[in-house]
Amino acid sequence: MTKKPTCEELEQRIKELEEEVALRTRTEQAPRESEERYRTIFELAADSIVLIDGETGELVEFNRRAHEDLGFTHEEFEKLKIPDFEVVEDAEKVAKHIKKIIKEGSDSFETKHRTKSGQIRDLQVSSRAISIRGKNFVQSIWRNITEHKRAEEALHQSEREMRMRNRIAQIFLTIPDEEMYGEVLQVVLEALESRYGIFGCIDEHGTLVIPSMTRDIWEQCQVPDKTILYPPETWGGIWGRSLIEKRSLYANEGLRVPEGHVPIMRVLVVPIKYGGEIIGLLEVANKASDYDDKDREFLETIAGHIAPILNARLQRDRQESKRKLAEEALRKARDELELRVRERTAELTRTNELLQQEITERKLAEEALRESRRRYKELWDGAPAAYHTLDTRGIITQVNQTEMNMLRYSKEEMLGKPIFDFILREQRKEAEERFRLKLAGEQIPKHDNRIYVKKDGSKMYVSIDDVLEYDSTGNVIGVRTTMVDITERKRSEEALQKSEAVLRRLSAQLLEVQEGERKRLSRELHDSIGQSLAAVKFGVENALNNIRQRTTENSVESLEALIPVVQLASDEVRKIHTDLRPGLLDDLGIIATISWFCREFERLYPGLRIEKEIYIEEKAIPDSLKTVIFRILQEALHNVAKHAKAGLVRVALTKADDHIDLFLQDNGQGFDIDQALSSESSVRGFGLTSMKERAELSGGFFAIESVPGAGTTIRASW
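Under this note's numbering, the first residue of the sequence shown is numbered 1144, with each subsequent residue one higher.
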């Protein structure tokens, strides 16, 4: 007969069934909650996320951001494949790329996608291969970097144009007329990466004059009766059409040229216009790749910069030509006057009238010369670089507006003052010596570390280049200086030096900590293991002496007394071994090691309670990260015990969206992070830096948040 269970047994069985039901309920809810968290993150992600079938290339799954960024409805996007909006790769290349990702596991690259409206967007793509129920898929994250790309291109174009303007302005200001055209053309050819080119101007008769032509064209050209003068009636080809139509033209197919002419495969022509009139021409040819609208716009920008300077040159040359003609006419008039005075006194009145007319023309020529000087002054003051001239005493005799704007002084505050008054006091002696050597004819290199002091007291780093000025007899009369503001570059260099200093400090602290650890180990070995071994040695010797004296009973007692000593030494060795690297980490893994370490830590610090939340499997943590995670946890808990005065620490190790996250939060007194990191001797500062370095060197991210009185939070993610 079966024995009926007692009430206590029934209650115990009911309790066990309730616990089993609760456990099963939690087990069933966990996947649903995980799926809901994943779906929420997937749909609300700031970047586009798609899941691609590894065999067909179809879009199996995608978030709202993916189809909205490309302008397609959800239904339209479901019917698309990657080649439907991919710009860089065709369908065959896309398929190969997907296979490559599945084979190698992941890939990161940049590409371009076309939106529904036809716009092209630059994307940064991060892809990885995943397997779902034995089938291969590719998960991709698309980040829109179109604006970033445009900003980079705009910055590059701006810097490129600024360098061109500076070089061209310097050429116009410093190079003689007969060499100026060739120098400017060389700059243009380098900028457009072209082999051939011409730079011409329109003279007062409307003739295109080409004083500068690429040497290869002139020497290799076999066209008979070559010339550099082209009247309007001879204008032809693409350059002639550009001048007549007053617009830029380019062609990327072989052009028809006269027999014997150098072959021209690609060409870009831009007329130089000023005040609505054509005053010159820039032409470049035979670039390695095709010319496009960017090349045209860039060359038009150069032409626009050249136009006012070239116009000033042409006006000056024309006025100079008129002046010479007037002087020649005046000379002839005087000769005729003398002849007529001797021969025909009766014509004196008419001759005087002619003389007055010639004087009037000369006044007009002088007025034109003054106008030319005024325009030169505008170029001087409007130059992108700072200029000043000094006499032989270092006194400022001229200064342009650019330099006054840089230093924030007025012209009255600078003219007549020694230039050394505006230089940092510590550099004045060296600057005076450099100036003296320059006047003496020494070859002084360009200086890139001069510091000027602005009117408001702030410092400005400049690169300076000095050129001697001579009078008509060849005597040195002063120095002309060009200055370029390099303050931002210097700040970048100083920031780099500070970074190197921090690295040196961290290296020194690391050596100091290593030496301290060696001292600690040496002290523990001496104080514990050493003493125990000495006791063992003494006991063994005593037992041996008893044996020699045939007192066996005393020998056994002596040896038995050594057992606790040997056990103590063994415990000390195990403790030192555990401090250096817990054996559990290799034997049972990181999760078991964390549990053991937290228990030991609570036992060592009874007033500190640790709450653990571990939602990750051991196999999901790479072996390379296990030691890193343990050391960060170890360092963080030691900091809490030493500095935080906390009663509770929350420790969490989780995995979500393929990220492993380590989280520690205490309720202690907190601290000032900047102050802790800035102290060169701060052990805590080194500990924080050590944790950060461990996380980042292992490919992770590290962050710490703390406010005095509000506790500390540490996050590490991989």
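Just so it is clear, CB atoms sit at the ideal spot from N, CA and C, and this is done for glycine as well.
Check, Outcome
"Own chain residues within Cβ distance below 7 Å of Gly1423, not counting five before or after", "Gly1343, Cys1344, Ile1345, Ile1415, Leu1453"
"Residue environment, Ser1822, which counts as buried when at least 16 other CB atoms sit within 10 Å", "Model confidence at Ser1822 stands at a pLDDT of 49, short of 50, so the residue's coordinates are unreliable; what they give is reported in the following sentence. Its Cβ having fewer than 16 others within 10 Å, Ser1822 is exposed."
"Top-ranked residue by Cα proximity to Ala1853, from Arg1384, Ala1789, Val1400", "Ala1789"
"Simplified DSSP assignment, three categories, for Pro1863", "For residue 1863 there is no data in the structure shown, the boundaries of the chain being 1144 and 1861."
"DSSP three-state assignment for Gly1214, whether helix, strand or coil", "coil"
"Residue range of the unbroken alpha helix (DSSP H) whose run includes Val1427", "Where Val1427 is concerned, there is no enclosing alpha helix (DSSP H), although the beta strand (DSSP E) it sits in stretches over 1420-1428."
"Status (buried if at least 16 other CB within 10 Å, exposed otherwise) for Asn1206", "buried"
"Met1603 versus Ala1529 - alpha carbon distance", "13 Å"
"C-beta atoms of Lys1259 and Leu1213 nearer than 8 Å", "yes"
"Extent of the continuous beta strand (DSSP E) run through Val1783", "That residue, Val1783, is in no beta strand (DSSP E); it is neither H nor E in DSSP."
"Limits of the unbroken beta strand (DSSP E) element including Lys1278", "1278-1287"
"Run of the beta strand (DSSP E) containing Leu1223, from where it starts to where it stops", "Premise fails: Leu1223 is in no beta strand (DSSP E) and is neither H nor E."
"Between the CA atoms of Ala1428 and Leu1768 - distance to the nearest angstrom", "58 Å"
"Cα-Cα separation between Ala1735 and Leu1796, rounded to whole angstroms", "12 Å"
"Presumed contact (8 Å Cβ cut-off) between Phe1565 and Leu1580, rounded CB distance", "In fact, because the Cβ distance is near 20 Å, the residues do not count as touching under 8 Å."
"Sequence-distant residues of its chain with Cβ nearer than 7 Å to Arg1774 (five each side left out)", "Arg1837"
"For Ser1249, the first and last residue of its enclosing beta strand (DSSP E)", "1249-1257"
"Distance, Asp1608 Cα to Asn1592 Cα", "12 Å"
"Supposed contact pair Val1792 and Leu1780 - C-beta distance, whole angstroms, cut 8 Å", "7 Å"
"Backbone CA spacing between Arg1827 and Gly1842 [nearest angstrom]", "Confidence at Arg1827 is low in this model, with a pLDDT of 48, below 50, so its placement is unreliable and the value that follows should be read with caution. Approximately 23 Å between the Cα atoms of the pair."
"Check whether Ile1857 and Ile1803 have beta carbons under 8 Å apart", "no"
"Residues near Glu1848 in its chain [Cβ-Cβ closer than 6 Å; skip 5 each side]", "Thr1856"
"Rounded straight-line distance, which links the Cα of Ser1515 to that of Gln1458", "7 Å"
"Three-state class that DSSP yields for Gln1205 in the structure shown", "Looking at the sequence shown, residue 1205 is not Gln but Phe. Note: Phe1205 maps to strand in three-state DSSP."
"Pair within 8 Å by beta-carbon distance, Ala1450 and Val1413", "no"
"Whole-angstrom distance between Gly1813 and Val1850, CA atom to CA atom", "5 Å"
"Nearest neighbour of Ile1539, chosen from Ile1353, Val1622, Ser1860 [CA to CA]", "Val1622"
"Where Gly1830 falls: helix, strand or coil (DSSP)", "helix"
"Contact check, Thr1494 vs Arg1483, beta carbons under 8 Å", "yes"
"Sequence-distant residues of the same chain with beta carbon closer than 6 Å to Ala1511, five excluded per side", "Gln1462"
"Inter-residue spacing [alpha-carbon to alpha-carbon] between Asn1685 and Ser1738", "45 Å"
"Burial state of Thr1216 (16 or more Cβ within 10 Å)", "exposed"
"Three-state secondary structure assigned by DSSP to Pro1375", "helix"
"Any beta strand (DSSP E) of 3 or more consecutive residues that is wholly inside the region 1587-1657", "1590-1596, 1602-1613, 1619-1628"
"Identified DSSP bridge partners for Leu1796", "Ile1757, Leu1805"
"Closest residue to Ala1583 among Lys1597, Ile1620, Ser1432 (Cα-Cα distance)", "Ile1620"
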